[in-house]
Amino acid sequence: MTQEKAELHRGLREVYIDRTTSSFIDGKIGKLYYRGYNIDDLATNCSFEEVIYLVMIGELPTEKQLDDFTVELRSYMDIPEQIVDIIKATKEAHPMDVLRTCISAMAAFDPEVDDNSAEATLRKGTRLTAAAPTIVTTHARIRQGKEPVKPDPNLNLAANFLYMLFGEIPDPRDAALIDKDFVLHAEHGLNASSFGARVSASTQADLHCAITTGISVLKGPSHGGAAESVMTMSLEIGEEDNAEKYVRDTLSGGGRIMGFGHRVYRAVDPRSLHLQDDLKELGERKGEPKWYSILQKVVEVMQPYARRGICQNVDFFSGAMYFLLDIPEDLFISIFAMGRIPGWTAQVIEQFENNILLRPRLEYVGELDRKFVPIGQRS
Ligand SMILES: CC(C)(COP(=O)(O)OP(=O)(O)OC[C@H]1O[C@@H](n2cnc3c(N)ncnc32)[C@H](O)[C@@H]1OP(=O)(O)O)[C@@H](O)C(=O)NCCC(=O)NCCS
-10 MTQEKAELHR
0 GLREVYIDRT
10 TSSFIDGKIG
20 KLYYRGYNID
30 DLATNCSFEE
40 VIYLVMIGEL
50 PTEKQLDDFT
60 VELRSYMDIP
70 EQIVDIIKAT
80 KEAHPMDVLR
90 TCISAMAAFD
100 PEVDDNSAEA
110 TLRKGTRLTA
120 AAPTIVTTHA
130 RIRQGKEPVK
140 PDPNLNLAAN
150 FLYMLFGEIP
160 DPRDAALIDK
170 DFVLHAEHGL
180 NASSFGARVS
190 ASTQADLHCA
200 ITTGISVLKG
210 PSHGGAAESV
220 MTMSLEIGEE
230 DNAEKYVRDT
240 LSGGGRIMGF
250 GHRVYRAVDP
260 RSLHLQDDLK
270 ELGERKGEPK
280 WYSILQKVVE
290 VMQPYARRGI
300 CQNVDFFSGA
310 MYFLLDIPED
320 LFISIFAMGR
330 IPGWTAQVIE
340 QFENNILLRP
350 RLEYVGELDR
360 KFVPIGQRS
């Protein structure tokens, strides 16, 4: 038996598996584009609804197209009673487990579940993007023993998220922060969760399967879970004066500073710059500027790492922002997931359009031709 000597690409680092027009990360200089538009322009000028349209359809909408699309999105925000029952049955689970389970279960109620055409996948992506905030907030309230709040058709997705979470029409400035946060999370190249979604789609499984996979992959602390870990770190640091020692102790103990480092960026993640400004403004407005100061101190102490290309990423400032908005910490990753459904959808449509089964190989390094021993004779 012979095996060819394999050339390994562990972690698929620097491996290109296909072409895309969805997004581009210029990691050397810290730039990000959705469909060719710089994230800085989108984050400062567009609503999440506009960006969903851009990412999933490929063009910025006209006013009329955006109005129609917004009406369509809002019409899909209600979730079936059976999904509420599933939430009740799983209410003790982590919010990401509940979201993943409910997105999967939504397949049972989608009339186009098996239709993998681009048009149907787009409609399903629109429906799942609209339903996700309702699922997350319904769970958040049920586990607190509160009645779920129905979506308000007069509010956008971001404002609805806060409204359904807290039961009050949110301060427009808070809603604008969540709106921008969703924009910043909408799409991001072949990150692990988008790769997972594409692997699902490459077998010709449907969008519900692919998004369920995406949510599963996103949950880990190396990916979407980092925002929660950054907030845990900030709470442990407690005061700006403790930050330097905390960082040095963590690094000398072989640990990592969460919210730092990225597989593609060798410069500061441009999304983190927007969130940094937002956190500063929010901290001052809420009379709690210390979280911003603590994180700035961490950035300062991490300067030697920046020279090695380990800089702050999107998760670094977002956790403190959610915290100041009184959002429970275990909901942080779900906010990332809600924002990313358009990106997963766009990439699944691309995968379907030029499909090839994603099936890499593993180099076998175990033994061969071992002598088989019947069960009764094994010691
Ligand atoms: C995101 C991440 C998984 C990317 O990892 P990667 O591309 O596989 O890079 P590696 O894990 O191989 O790390 C490369 C080097 O940078 C160091 N490094 C990477 N991230 C680091 C961090 N957050 N803190 C300290 N050192 C870090 C590693 O220790 C390693 O050093 P070495 O070469 O001396 O062993 C990694 O940076 C990380 O764990 N970050 C913290 C979690 C996080 O913020 N995730 C959200 C990403 S958006």
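First residue of the sequence shown? That's -10 in the numbering used here, and the numbers climb one at a time after it. Idealized CB from N, CA, C, for every residue including glycine. For clarity, every value in this text was computed on a predicted model and none was experimentally measured.
Buried or exposed by the 16-neighbour rule on C-beta atoms within 10 Å, applied to residue i
i       : result
Thr115  : buried
Thr118  : buried
His(-2) : exposed
Arg162  : exposed
Arg237  : exposed
Tyr42   : buried
Tyr5    : exposed
Lys113  : buried
Gly25   : exposed
Asp267  : buried
Ala199  : buried
Ile316  : buried
Ser241  : exposed
Ile345  : exposed
Arg350  : exposed
Gly243  : exposed
Leu357  : exposed
Asn34   : exposed
Ser191  : buried
Arg63   : buried
Gly134  : exposed
Asn143  : exposed
Arg368  : Looking at the sequence provided, one finds Ser at residue 368 rather than Arg. Answer is exposed; the Cβ neighbour count stays below 16.
Ile364  : exposed
Met361  : Checking the sequence, you will find Phe at residue 361 rather than Met. Classification of Phe361: exposed, given that the 10 Å Cβ count is below 16.
Gln265  : buried
Gly156  : exposed
Phe249  : buried
Chain-order list of residues whose beta-carbon lies under 7 angstroms from that of residue i (same chain, five-residue window excluded)
i      : result
Asp168 : Ser36, Phe37, Asn145, Ala147
Asn105 : Gln193, Asp195, Phe341
Tyr65  : Thr115, Arg116, Ala119, Ala120
His263 : Ala32, Lys169, Leu173
Glu352 : Ala(-5), Leu(-3)
Thr110 : Leu196, Thr334, Val337, Ile338, Phe341
Gln355 : For clarity, residue 355 is Gly in the given sequence; the question names Gln instead. For Gly355, where only same-chain residues beyond five positions count, there are no Cβ hits under 7 angstroms.
Val102 : Ala96, Asp195, His197
Glu61  : Thr115
Contact check, residue i vs residue j, beta carbons under 8 angstroms
i      : j      : result
Ile14  : His177 : yes
Ser307 : Leu88  : no
Leu313 : Glu277 : yes
Asp319 : His83  : yes
Phe325 : Leu224 : no
His212 : Ser189 : no
Ile455 : Thr90  : Any property of residue 455 remains undetermined from this structure, which presents the chain solely from -10 to 368.
Met310 : Leu166 : yes
Leu370 : Ala164 : Residue 370 is absent from the model: the chain starts at -10 and stops at 368.
Trp333 : Ala186 : yes
Asp160 : Asn149 : no
Met327 : Pro50  : no
Ala96  : His197 : yes
Ile92  : Thr202 : no
Gly16  : Val253 : yes
Arg255 : Gly298 : yes
Cβ-based neighbour list, residue i, same chain, cut-off 6 angstroms, excluding 5 preceding and 5 following
i      : result
Pro137 : Thr127, Arg130
Pro210 : Ser218
Ile226 : Ala232, Tyr235, Ile283
Own chain partners of residue i with C-beta closer than 8 angstroms, once the 5 adjacent residues on each side are dropped
i      : result
Glu228 : Lys279, Ile283
Pro259 : Gly19, Lys20, Leu21, Ile28, Asp29
Val257 : Gly19, Ala295, Cys300, Gln301
Glu81  : Arg132
Tyr23  : Ser11, Ser12, Leu31, Val40, Leu43, Val44, Ala175, Glu176
Met220 : Gly308, Ala309, Tyr311, Phe312, Glu318, Phe321
Gln54  : Tyr42
CB contact below 8 angstroms: residue i versus chain B
i     : result
Val44 : In the displayed structure, chain B is absent; only one protein chain is listed.
Check: residue i C-beta below 7 angstroms from any heavy atom of ligand 3
i     : result
Ile14 : Here the bound small molecules are ligand 1; ligand 3 is not part of this structure.
| request: Run through the region 151 to 231 for me and flag every whole alpha helix (DSSP H) of 4 or more residues, listed as ranges in chain order. | output: Secondary structure remark: continuous alpha helix (DSSP H) runs of at least 4 residues inside the region 151 to 231, in chain order: 161 to 174, 181 to 191, 196 to 207, 215 to 226.
| the region 275 to 288 / the region 329 to 348 touching (three or more Cβ pairs under 8 angstroms) | Put simply, the region 275 to 288 does not touch the region 329 to 348. Fewer than three CB pairs are less than 8 angstroms apart.
| task | Any chance you could list the alpha helix (DSSP H) runs of at least 4 consecutive residues sitting entirely within the region 230 to 293, in chain order? | result | 232 to 241, 259 to 274, 279 to 290, all fully within the region 230 to 293.
| query | Between the region 299 to 318 and the region 208 to 218, are three or more C-beta pairs nearer than 8 angstroms? | reply | Contact holds between the region 299 to 318 and the region 208 to 218, because three or more Cβ pairs, one in each stretch, are under 8 angstroms apart.
| In chain order, which alpha helix (DSSP H) runs of at least 4 residues are fully inside the region 309 to 366? | The region 309 to 366 contains, as complete alpha helix (DSSP H) runs of 4+ residues, the segments 321 to 342 (chain order).
| task | Only counting runs of 4 or more residues, tell me where the alpha helix (DSSP H) segments fall wholly within the region 52 to 85, in order along the chain. | result | Fully enclosed alpha helix (DSSP H) runs of 4 or longer: 52 to 64, 70 to 78.
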